[in-house]
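Novice: Okay, handing you the structure first.
Take a look at the structure:
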């Protein structure tokens, strides 16, 4: 089977390693990955600032880029959600609306997609480490990251006291309400650090940047926390299985 | 919505930022919101067929909206038949006029009030007080904030931001209790309030309350409480005025019962509130207590305009359980005052934006991370994030939203022109790959610099597309074979 | 603007809004069946009442019931009481509470009079099993203030008055409707109070306190024969 890979703008230029990990995992699991050229943005920034016209324009680009019938896989809950929201941007009954419905019906968040592959959830991945999972509100309560990562042998997957509480990013919210955003981030970081993790893992790149960036600034004597996307963790763990086990040093 | 303090919706951003630096407030809010969420969670876990009951409550509210004009007419007829005098008010000013008129008509010198957001919305108290009438808030939390000269900070617990010592000091000063110790216990303080207010209940000429549910079929007004102050306000004084916003109607007693099945559980985690009063007209012949004269004021104040909007009208479903407040991470951090209006939290941001002048509520829809906790919590299924997004859109359409403008518009433009986008990012990466300088450029939102200060930003790296291309070339294959 | 004009304008605005965008209400799911009132009803009720700090005492005869009320009065140190005029047949409450002063002839100044009373005694028209709620319907000789002003409220609940939950209320209300009115069957009573536990508040630091405006103590005597 082949899929089309959708890469969030943040991943393209700031966190390309996440994209590479996604490709690595999918190919290792027997999925062919096509990466349509010319991707820029799913449109959620425009959409969330109330610029429906801007969001619509970006949606039209995406509809062209991902035209066809292949599943579209995206390592971001928020971008996946945005693609699923495209139908709302077009009047029902129009061809664009139909295309949007078609796309919305075949777009998948990375963890959810991998969980649906044959052999899931246990692909023999192995990694000895303590990983604190940030669920991300953008995943709308999806259990996929937790289910997928729980099957990684040797991994102690931990969840904070309030797993679904927002990390405070909210895109432009963090710029318009910086102190409120930071308060929420502080709370989240505190709860995650209380788990004494080696790794912070999330299926949402923007949350990862937000929390990971904060933890890096905070510093932690002795043992820094490494922020990884679920795809990166899984990639490491799959490779680890091949080399006879991987440990977090 | 005039407030008796300096908080305004206009200064929402500033007020929010300030509140998040208030460690004490944050501690209080953390405690209170966790308390309510825990109680509510336990109650709902034990509530058999919870989702079905929620759906029925939603249906009762939707029915009310879908037949609103007809039901309000029916309400008027049945209430009148029961002996209630029904009044209609377009706006706050008219409502104040009607109520102060009733107060003057019965020569009211002392007025007692149950906790009522609608009477705060119309700024009733100052209007009554201007005529020399004594007005006493009788809900303990409302009584406390009234003495303190502050607005309530939470729908369910208005004085949650006040400590025991704060209340002791307040009672000492305002109730003339010179001997009252700062160490007075909470039961002691409560007893003092009970004694002080009981005098007022017994002396009151007029009781004013809100309405939780007005039953169209029977002309009844249903009031829900835990303390007993609403029962006191509707039992002791000779005149009762109930004030309702026009969407608070239920078609039938059955619909009202469906709502009562859900409201107390969602609000405070109780199966039923301590007291539910179903009042239909004044006292009957032969009865010794209850109001002799009963009034119902039906208030519009902007709601009829909201009903016309097929999406935004969903905000009118709300029955004020307060659950969305307690579940909202933003509210949990900043509390109610920051919203600058009697309505706070997610539903407050919606209602204020819908009912107040647009220029005063510009920032309210943006004080939200769109995390969806409110939507998931709401027993009536109100989609707060969707409605807030629509308000953001409306703001942009009418040209009033300013701040998200530059950053978002620039990004949107570039993203529609991939070549320009790549050039811009390439240039940025060449000049400032660690993003040390760019976030701090003058002219950019100051929030960007702050963001860069508090988080270590990822660097601009060789783009994914380029790296993937390189990797694939190296692997000597154009495409990885599929299964 | 005349009063009628205001009314017309509001109704017109509402009609216009709905005409422009009609609101379709899908049929709701059926109301889940209420749990029936079974032979263990008193036990179930006592369990529901316990967390509310309400004690249920069971009486199998009028004499037992009278004794329970007398016990409660003594435990609470009550000296003055008031009660609803109608009591269950065979229950001589005045005899049982002979040591107390009964406040009668309430009439005008009802609330003032009842503010001086230590214990108020009522007879419930119904009680809801699901929530432990008492249904008290006002009328001549059934003052609202009796269950509100005194610090102790004692309520007698006949066995036949037990109902499953609040969904039973509409039918109950209609049964009590006054035949002279125009509501299907009649006019509703002026006041129905649903009383669930004592008066309470947690407005100061979320610390629960009983008896803020209404009674701090609520006692229930179940009349098993009635």
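Residue numbers (my numbering), protein chains in the order written: chain P, 231 to 479; chain E, 1391 to 1873; chain V, 5 to 230. Beta carbons: idealized from backbone N, C-alpha and C, even for Gly.
(1) When we look at the beta-carbon of residue 365(P) and count the other beta-carbons within 10 Å, is it buried (16 or more) or exposed?
(2) Is the shortest distance between the beta-carbon of residue 410(P) and the beta-carbons of chain E less than 7 Å?
(3) Per DSSP, which one or two residues make a beta bridge with residue 1721(E)?
(4) State yes or no: is the C-beta of residue 1409(E) within less than 7 Å of the C-beta of residue 1606(E)?
(5) How far does the beta strand (DSSP E) with residue 1503(E) in it reach, from first residue to last?
(6) For chain E, is any of its Cβ atoms less than 7 Å away from the one on residue 274(P)?
(7) For residue 1823(E), which residues in the same chain have their Cβ closer than 6 Å to its Cβ, ignoring the five residues on either side in sequence?
(8) Give the C-beta separation of residue 1633(E) and residue 1509(E) to the nearest angstrom, bearing in mind that I take them to be a contact with Cβ-Cβ under 8 Å.
(9) Do the CB positions of residue 1453(E) and residue 1641(E) come within less than 7 Å of each other?
(10) With DSSP as the reference, identify every bridge partner of residue 1599(E), one or two as the case may be.
(11) Please report how far the alpha carbon of residue 445(P) lies from the alpha carbon of residue 1840(E), in whole angstroms.
(12) Beta-carbon separation of residue 1502(E) and residue 1594(E) under 7 Å?
(13) Does the CB of residue 197(V) have a neighbour CB from chain E at under 7 Å?
(14) Interface residues of chain V around residue 1463(E) at Cβ under 8 Å?
(15) Do residue 367(P) and residue 1708(E) have their CB atoms nearer than 7 Å?
(16) Using beta carbons (cut-off 7 Å, strictly below), is residue 1661(E) in contact with chain V?
(17) Determine, using beta carbons only, whether residue 1775(E) comes closer than 7 Å to chain P.
(18) At a cut of 8 Å, does the segment 1404 to 1421 of chain E reach the segment 1712 to 1729 of chain E through at least three beta carbon pairs?
(19) Applying the criterion that 16 or more other CB atoms from any shown protein chain within 10 Å of the CB defines a buried residue, is residue 1602(E) buried or exposed?
(20) Between 42(V), 10(V) and 16(V), which has its C-alpha nearest residue 132(V)'s C-alpha?
(21) Hey, could you find the ends of the beta strand (DSSP E) residue 1550(E) is sitting in?
(22) Please report the straight-line C-alpha distance between residue 422(P) and residue 385(P), rounded to a whole angstrom.
(23) Report the residues of the segment 98 to 123 of chain V with a CB closer than 7 Å to any CB of chain E, ordered along the chain.
(24) Given residue 1653(E), which residues of its chain have a CB within under 7 Å of its CB, disregarding the five upstream and five downstream residues?
(25) Report yes or no: is there a C-beta of chain E within less than 7 Å of the C-beta of residue 246(P)?
(26) At the level of alpha carbons, what is the spacing between residue 1716(E) and residue 221(V)?
(27) Indicate whether at least one CB of chain E lies closer than 7 Å to the CB of residue 304(P).
(28) Ordered along the chain, which non-local residues of its own chain (more than five positions away) have a Cβ less than 7 Å from that of residue 1499(E)?
(29) Taking the straight line between their C-alpha atoms, what separation do you get for residue 455(P) and residue 429(P)?
(30) State yes or no: is the beta carbon of residue 1616(E) nearer than 7 Å to at least one beta carbon in chain P?
(31) Rounded to the nearest angstrom, how far is the Cβ of residue 1651(E) from that of residue 170(V), given a contact under 8 Å?
(32) Would DSSP call residue 1391(E) helix, strand or coil?
(33) Express the C-alpha separation of residue 1519(E) and residue 1886(E) in angstroms, rounding to a whole number.
(34) Along the chain, where does the beta strand (DSSP E) containing residue 338(P) start, and where does it finish?
(35) Just the C-alpha distance for residue 466(P) and residue 1847(E), rounded to the nearest angstrom, thanks.
(36) What residues in its chain sit with their C-beta under 6 Å from that of residue 404(P), if we drop five residues either side in the sequence?
Specialist: Let's see:
(1) Of the residues assessed, residue 365(P) falls on the buried side of the cut-off, its CB having 16 or more other CB atoms within 10 angstroms.
(2) With 7 Å as the cut-off, residue 410(P) counts as an interface residue toward chain E.
(3) Paired residue(s): none; residue 1721(E) is not in a bridge.
(4) No; because the gap between Cβ atoms is not below 7 Å, this pair is not in contact.
(5) In the DSSP annotation of this structure, the continuous segment of the beta strand (DSSP E) that includes residue 1503(E) starts and ends at 1500 to 1503.
(6) Cβ-Cβ to chain E under 7 Å: no for residue 274(P).
(7) Within the same chain, residue 1823(E) has close Cβ partners 1849 and 1850.
(8) 6 Å between Cβ atoms; contact.
(9) Result yes, Cβ atoms of residue 1453(E) and residue 1641(E) sit closer than 7 Å.
(10) In the DSSP output, where bridge partners are listed per residue, residue 1599(E) has 1632(E).
(11) Those two C-alpha atoms are separated by around 16 Å.
(12) In this structure, residue 1594(E) lies closer than 7 Å to residue 1502(E) by Cβ.
(13) Residue contact with chain E for residue 197(V): present (Cβ-Cβ distance below 7 Å to some residue of chain E).
(14) Scanning chain V for C-beta atoms nearer than 8 Å to the C-beta of residue 1463(E) yields 15, reported in chain order.
(15) Contact flag unset, no.
(16) Answer yes: the Cβ-Cβ gap between residue 1661(E) and chain V drops below 7 Å somewhere.
(17) So no, residue 1775(E) is outside the interface.
(18) The segment 1712 to 1729 of chain E and the segment 1404 to 1421 of chain E touch, with three or more beta-carbon pairs separated by less than 8 Å.
(19) So residue 1602(E) counts as buried.
(20) The residue with the shortest Cα to Cα distance from residue 132(V) is 42(V).
(21) Looking at the DSSP string, residue 1550(E) is not in any beta strand (DSSP E), and its letter there is neither H nor E.
(22) Taking the CA atoms as reference points, residue 422(P) sits about 16 Å from residue 385(P).
(23) Hits within the stretch, in order: 110, 111, 114, 115, 116 and 119.
(24) Cβ within range, chain order: 1614, 1709 and 1711.
(25) Judged by the 7 Å Cβ criterion, residue 246(P) is in contact with chain E.
(26) Straight-line Cα distance between these residues: approximately 30 Å.
(27) Taking Cβ atoms only, chain E never reaches closer than 7 Å to residue 304(P), which makes this a no.
(28) Here the set comprises 1523, 1524 and 1595.
(29) Residue 455(P) and residue 429(P) have their alpha carbons spaced roughly 5 Å apart.
(30) Chain P contact via Cβ: absent.
(31) Residue 1651(E) to residue 170(V), Cβ: 6 Å. Contact.
(32) Residue placement at residue 1391(E) cannot be trusted, given a pLDDT of 36 that sits under 50; what the coordinates show is reported in the next sentence. Assignment of residue 1391(E) by DSSP, reduced to helix, strand and coil, places it in the coil class.
(33) This structure gives no information on residue 1886(E), because the portion of chain E shown stretches from 1391 to 1873.
(34) DSSP places residue 338(P) inside the beta strand (DSSP E), whose first and last residues are 337 to 339.
(35) Each residue's Cα considered, the two are about 23 Å apart.
(36) Cβ within range, chain order: 411.
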